[in-house]
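**Q**
There are 2 protein chains.
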Amino acid sequence: MDSPLSFEILSTDGDARMARLVTPHGEVTTPAFMPVGTRAAVKAMGPDELWKMGYRLILANAYHLAVRPGEDLVHEMGGLGRFMGFKGAVLTDSGGFQAMSLAKINSINEAGIRFHSHLDGSPLMLTPESAIDIQQKLGADIMMALDECTPYPADHQRAKRSLELTARWAERCIAARTSTSQALFGIVQGGIYPDLRRLSASQIIAIPFDGYATGGLSVGEPKDAMREMAALSASMLPGGRPRYLMGVGTPQDLLAAVGMGYDLFDCVLPTRNARNGFAFTSEGPITIKRAVFTRDTRPLDARCDCSTCTTFSRAYLRHLYMSGEILAARALTEHNLYFYSRLMREAQAAIASQTYKNYSSYTLGMLGEGGDGMMGIKNDVV
Amino acid sequence: MDSPLSFEILSTDGDARMARLVTPHGEVTTPAFMPVGTRAAVKAMGPDELWKMGYRLILANAYHLAVRPGEDLVHEMGGLGRFMGFKGAVLTDSGGFQAMSLAKINSINEAGIRFHSHLDGSPLMLTPESAIDIQQKLGADIMMALDECTPYPADHQRAKRSLELTARWAERCIAARTSTSQALFGIVQGGIYPDLRRLSASQIIAIPFDGYATGGLSVGEPKDAMREMAALSASMLPGGRPRYLMGVGTPQDLLAAVGMGYDLFDCVLPTRNARNGFAFTSEGPITIKRAVFTRDTRPLDARCDCSTCTTFSRAYLRHLYMSGEILAARALTEHNLYFYSRLMREAQAAIASQTYKNYSSYTLGMLGEGGDGMMGIKNDVV
């Protein structure tokens, strides 16, 4: 079957690449960050705002949507993009991560994941086949295979068993797909063991997915291990297909991962941190509730031209945050997502002009490389 | 002293009038509804959105802002409009209503209102002089005199004592004003007693305010009494100055009050109800959480061209509301405020074309006149 995705690399610079990804719902220039829209909404944002910021691909969580409002309803409503009023493309995760982390009781066996809805406790079963069925009904442009996200820590034996199960589930996912217009990505596991990452990658790339993802990172492991595993996995994934580093990360992590040859990213950091009063700026992060901003007439980031920075002072944003106003969440989320969008646009331009290494070093210097590193936030929770 | 406001009546139709109110921060066409921005933010809305919907004058609460972030800070930041990033004008209430309704302990005497901050319990005193000082520092285009909002029920003697105190405070407010660029409105009280409404109006209009308000209504009294008192008060207020009916109300109430000759209105109904999942439509109100909307692909209101109605289905809005997404509050608030803005624009046009009576009857027929009537919501609370 022909891939529903076309992926054309336009420029490379070292391992980094700038590409055009064509989905059934439009083009995406990569490297690209995907805002997380857990329940078919990027928290506090409207679909038009995401579009204006340059986002053409967003992520939604199959687990949450299967539980409420249900994949059949979203299907009847014309699929996720139409349901949300978003003109671009949507990637869904498989639901496996949330079924394991959110559901009250669960067990994993060869068949799949048994769990209870976090909303009403009703018993549910997620299998490779049902994960694909749900995502097909949701109308995802890019679906993710059901994997077992290997926890951290996991010993070698546990991590091996996990990646083997993930590989068998990957075969079943490919076999279960019936839609010819929806892409499907496979996921590499392997914990923090180089031999297991290699083994998992070799198994997954043997399956004709439309793209490949590195999973099981940013789940609590040391930052060095995360970066080592991410780089190792990237080096084994086929160059001609999109590479997606799941659940990562900070601006610093994104710059590093782009340098490794990754194309797609998602993380709740810009959105969740915004709701906690945390803003990314070109000179490093700031926490808006600090008393030092009480009378600060400057914008969040003097180098930013987002609507938050061109309209509001730090003093006003602090007042909104301290008062619990919804507008605080909106304004900070918009700024943080704009920051991530601009970071990716600048990375694309730097790759196109063969200056990625300089751009990356300079930006890391401004942001502070030590900074926050991996924050261990993998997926949005309820 | 010349009034900082110019008020030019452009058309009349019966007692209704369409006018141009020129404030230090721009023009407002009346009749006009003012969205409530309690803490220097209309909940869930950005200042640009209010502007695009046609709002040129919004309300903020002096009590909340004096408690946090403090009037001195807002003054340093350039006043409310600049602080909020709103290009239009701002009216502030005096703080008296909140000092009485929100503060934990209070007592009223000739000097003013003694209360404790609802945030930290610190003792505060609001006098006519301090109410003006606070509002001047907040940079309000239109300030309100400190009044005692007569509670309902109140016997004749209590209501009379209250309006007499309000009149003495009104004199002190006028005397306390030092700013020549900020307008000040007086407030008529009198409970539900026609003779006391007449007495209060005669006392207040004897003071050279820039506009006159009817207060103490929509505080629990029967709807008929509210409308009778509103009409009586309007008939006594000078025609050449703006008339403001405080804290009222439903679309039906606004249409009735415009017919009485009122020019300005405020109410938390469109914003607060939106956050509770309640939408005004041209065919009457709907509650979005109802199961009947689960698969409803239609917009909230087929006759509405607001961004919510042109982007989202009822099914999606219901999903957002049931999921507790911030976007639900945003989308419903935007729709409701757009609905109120359009109602006022249509009323203006009907007055200009001498068809107000027909317009009002037709619209009341569509909305259902019996409907919700007065909802007893006077002011936004924490």
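Chains as they are written, first to last, in this note's numbering: chain A, 1 to 382; chain B, 1001 to 1382. Note that CB positions come from ideal geometry on N, CA and C, so glycine has one too. All values reported here derive from a predicted model rather than from experimental measurement.
By the 8 Å beta-carbon criterion, what residues does the stretch 43–61 of chain A contribute toward chain B?
**A** Per Cβ criterion, the list reads 43, 44, 45, 46, 47, 48.
**Q** Considering only their Cβ atoms, is the gap separating residue 221 of chain A from residue 192 of chain A smaller than 7 Å?
**A** As a position in the first sequence, residue 192 of chain A is number 192, starting the count at 1. As a position in the first sequence, residue 221 of chain A is number 221, starting the count at 1. It is a contact, given that the beta carbons lie within the stated cut-off.
**Q** For chain B, check one thing: does any of its Cβ atoms lie closer than 7 Å to the Cβ of residue 85 of chain A?
**A** One-based indexing of the first sequence puts residue 85 of chain A at position 85. Closer than 7 Å to some Cβ of chain B, the Cβ of residue 85 of chain A qualifies, so yes.
**Q** Report the three-state DSSP secondary structure of residue 148 of chain A (helix, strand or coil).
**A** The residue labelled residue 148 of chain A in the question sits at position 148 within the first sequence. In the structure shown, residue 148 of chain A sits in coil (DSSP, three-state: anything other than H, G, I, E or B).
**Q** Looking at C-alpha atoms only, which residue of A:49, A:40, A:97 is the closest neighbour of residue 91 of chain A?
**A** As a first step, residue 91 of chain A must be located in the first sequence, where it is residue number 91. The option with the nearest alpha carbon to residue 91 of chain A is A:40.
**Q** Which residue wins for smallest C-alpha separation from residue 1144 of chain B, given the options B:1188, B:1298, B:1119, B:1150?
**A** Within the second sequence, residue 1144 of chain B is the residue found at index 144, counting from 1. It is B:1188 whose Cα lies nearest to the Cα of residue 1144 of chain B.
**Q** DSSP on residue 5 of chain A, reduced to helix/strand/coil?
**A** The sequence position of residue 5 of chain A within the first sequence is 5, counting from 1. Correct three-state label for residue 5 of chain A: coil.
**Q** Less than 8 Å between the CB atoms is what I'm expecting for residue 1330 of chain B and residue 46 of chain A, so what's the real figure, rounded?
**A** Position 330 of the second sequence, counting from 1, holds the residue named residue 1330 of chain B. Position 46 of the first sequence, counting from 1, holds the residue named residue 46 of chain A. Rounded, the Cβ-Cβ distance is 7 Å, consistent with contact.
**Q** Check distances from the C-beta atoms of the stretch 235–258 of chain A to those of chain B and list, in chain order, the residues that come in under 8 Å.
**A** Cβ contacts with chain B: none found.
**Q** How is the beta strand (DSSP E) around residue 123 of chain A delimited, first residue to last?
**A** Numbered from its first residue, the first sequence carries residue 123 of chain A at position 123. 123–126 is the span of the beta strand (DSSP E), which, as asked, contains residue 123 of chain A.
**Q** Here's a check: name, in chain order, each residue in its chain whose Cβ is nearer than 7 Å to the Cβ of residue 1072 of chain B, leaving out the five neighbours to either side.
**A** In the second sequence, the residue the question calls residue 1072 of chain B occupies position 72. Around residue 1072 of chain B: 1137.
**Q** Determine the extent of the alpha helix (DSSP H) in which residue 1027 of chain B is found, giving its start and end residues.
**A** Numbered from 1 along the second sequence, position 27 holds the residue referred to as residue 1027 of chain B. Where residue 1027 of chain B is concerned, there is no enclosing alpha helix (DSSP H), although the beta strand (DSSP E) it sits in stretches over 1026–1030.
**Q** Residue 1146 of chain B and residue 1094 of chain B look like a contact to me (Cβ under 8 Å); what is the Cβ gap, rounded to whole Å?
**A** On the second sequence, position 146 is the one that residue 1146 of chain B refers to. On the second sequence, position 94 is the one that residue 1094 of chain B refers to. About 4 Å; that satisfies the 8 Å criterion.
**Q** Tell me the residue span of the beta strand (DSSP E) that contains residue 193 of chain A.
**A** For this step, residue 193 of chain A is matched to residue 193 along the first sequence. Element bounds for residue 193 of chain A: n/a, residue is neither H nor E.
**Q** Measuring alpha carbon to alpha carbon, tell me which of A:365, A:78, A:161 ends up nearest residue 150 of chain A.
**A** Numbered from 1 along the first sequence, position 150 holds the residue referred to as residue 150 of chain A. Checking every option, the nearest Cα to that of residue 150 of chain A belongs to A:161.
**Q** In the DSSP assignment, the alpha helix (DSSP H) including residue 1083 of chain B goes from what residue to what residue?
**A** Locating residue 1083 of chain B in the second sequence gives position 83, where the first residue counts as 1. From DSSP, the alpha helix (DSSP H) with residue 1083 of chain B extends over 1080–1084.
**Q** So that I know if they touch, is there some Cβ in chain A lying closer than 7 Å to that of residue 1009 of chain B?
**A** Residue numbering aside, residue 1009 of chain B sits at position 9 when the second sequence is read from its first letter. Judged by the 7 Å Cβ criterion, residue 1009 of chain B is not in contact with chain A.
**Q** Cα-Cα, which of A:224, A:66, A:277 is closest to residue 38 of chain A?
**A** Start at 1 with the first residue of the first sequence, and residue 38 of chain A comes out as number 38. Selected option, being the one with the closest Cα: A:66.
**Q** Could you tell me which residues DSSP puts in a beta bridge with residue 1183 of chain B?
**A** Taking the first residue of the second sequence as position 1, residue 1183 of chain B is located at position 183. According to DSSP, which records beta bridges pairwise, residue 1183 of chain B is partnered with B:1142.
**Q** Is the distance from the Cβ of residue 350 of chain A to the Cβ of residue 338 of chain A below 7 Å?
**A** As a working note, residue 350 of chain A is residue 350 in the first sequence. As a working note, residue 338 of chain A is residue 338 in the first sequence. Their beta carbons are not under 7 Å apart, which means residue 350 of chain A does not touch residue 338 of chain A by this criterion.
**Q** Nearest to residue 252 of chain A by alpha carbon, out of A:276, A:223, A:243?
**A** As a position in the first sequence, residue 252 of chain A is number 252, starting the count at 1. Nearest of A:276, A:223, A:243 to residue 252 of chain A, Cα basis: A:223.
**Q** Between which two residues does the beta strand (DSSP E) holding residue 1266 of chain B run?
**A** Within the second sequence, residue 1266 of chain B is the residue found at index 266, counting from 1. Residue 1266 of chain B -> beta strand (DSSP E) spans 1264–1266.
**Q** Give a yes or no on whether 7 Å exceeds the smallest Cβ distance from residue 1069 of chain B to chain A.
**A** Counting from one through the second sequence, the residue named residue 1069 of chain B turns up at place 69. Judged by the 7 Å Cβ criterion, residue 1069 of chain B is in contact with chain A.
**Q** Give a yes or no on whether 7 Å exceeds the smallest Cβ distance from residue 171 of chain A to chain B.
**A** Within the first sequence, the letter at position 171 stands for residue 171 of chain A. False, the Cβ-Cβ gap to chain B never drops below 7 Å.
**Q** Which two residues bound the contiguous alpha helix (DSSP H) that contains residue 18 of chain A?
**A** As a position in the first sequence, residue 18 of chain A is number 18, starting the count at 1. Per DSSP, residue 18 of chain A belongs to no alpha helix (DSSP H); it is in the beta strand (DSSP E), 16–23.
**Q** Within 10 Å of its beta-carbon, does residue 1180 of chain B have 16 or more other beta-carbons around it, so buried, or fewer, so exposed?
**A** Position 180 of the second sequence, counted from the first residue, corresponds to residue 1180 of chain B. By the 10 Å Cβ count, residue 1180 of chain B comes out exposed.
**Q** Given that residue 1323 of chain B touches chain A, what residues does it touch there, using C-beta distances under 7 Å?
**A** Residue 1323 of chain B sits at position 323 when you count from the first residue of the second sequence. Near residue 1323 of chain B (Cβ distances below 7 Å), the residues of chain A are 39, 68.
**Q** Measuring only between beta-carbons, confirm whether residue 326 of chain A sits less than 7 Å from chain B.
**A** As a first step, residue 326 of chain A is located in the first sequence; it is residue number 326 there, counting from the start. Yes, contact with chain B.
**Q** So what's residue 1219 of chain B in DSSP terms, helix, strand or just coil?
**A** Taking the first residue of the second sequence as position 1, residue 1219 of chain B is located at position 219. Of the three classes helix, strand and coil, the one that applies to residue 1219 of chain B here is coil, per DSSP.
**Q** So, does the CB of residue 1077 of chain B fall closer than 7 Å to a CB anywhere in chain A?
**A** The count along the second sequence starts at 1 and reaches residue 1077 of chain B at position 77. Yes, contact with chain A.
**Q** I want to see whether chain B comes within less than 7 Å of residue 25 of chain A, judged by CB atoms only; does it?
**A** Within the first sequence, residue 25 of chain A is the residue found at index 25, counting from 1. By this cut-off, residue 25 of chain A is not an interface position.
**Q** By DSSP, does residue 1336 of chain B sit in helix, in strand, or in coil?
**A** Numbered from 1 along the second sequence, position 336 holds the residue referred to as residue 1336 of chain B. Residue state, collapsed to three classes: helix.
**Q** What does the Cβ neighbour count give for residue 1157 of chain B, buried or exposed, with the cut at 16 atoms within 10 Å?
**A** Here residue 1157 of chain B corresponds to residue number 157 of the second sequence, with the count starting at 1. The residue in question, residue 1157 of chain B, is exposed, as its Cβ has fewer than 16 Cβ neighbours within 10 Å.
**Q** What is the rounded straight-line gap between the Cα of residue 306 of chain A and the Cα of residue 1344 of chain B?
**A** As a first step, residue 306 of chain A is located in the first sequence; it is residue number 306 there, counting from the start. As a first step, residue 1344 of chain B is located in the second sequence; it is residue number 344 there, counting from the start. Each residue's alpha carbon lies about 32 Å from the other.
**Q** In angstroms with no decimal places, state the Cα-to-Cα distance between residue 1199 of chain B and residue 1152 of chain B.
**A** Here residue 1199 of chain B is taken as the residue at index 199 of the second sequence, counted from 1. Here residue 1152 of chain B is taken as the residue at index 152 of the second sequence, counted from 1. Computed Cα separation, rounded: 18 Å.
**Q** Quick one, are the C-beta atoms of residue 1087 of chain B and residue 326 of chain A less than 7 Å apart?
**A** Start at 1 with the first residue of the second sequence, and residue 1087 of chain B comes out as number 87. Start at 1 with the first residue of the first sequence, and residue 326 of chain A comes out as number 326. No; because the gap between Cβ atoms is not below 7 Å, this pair is not in contact.
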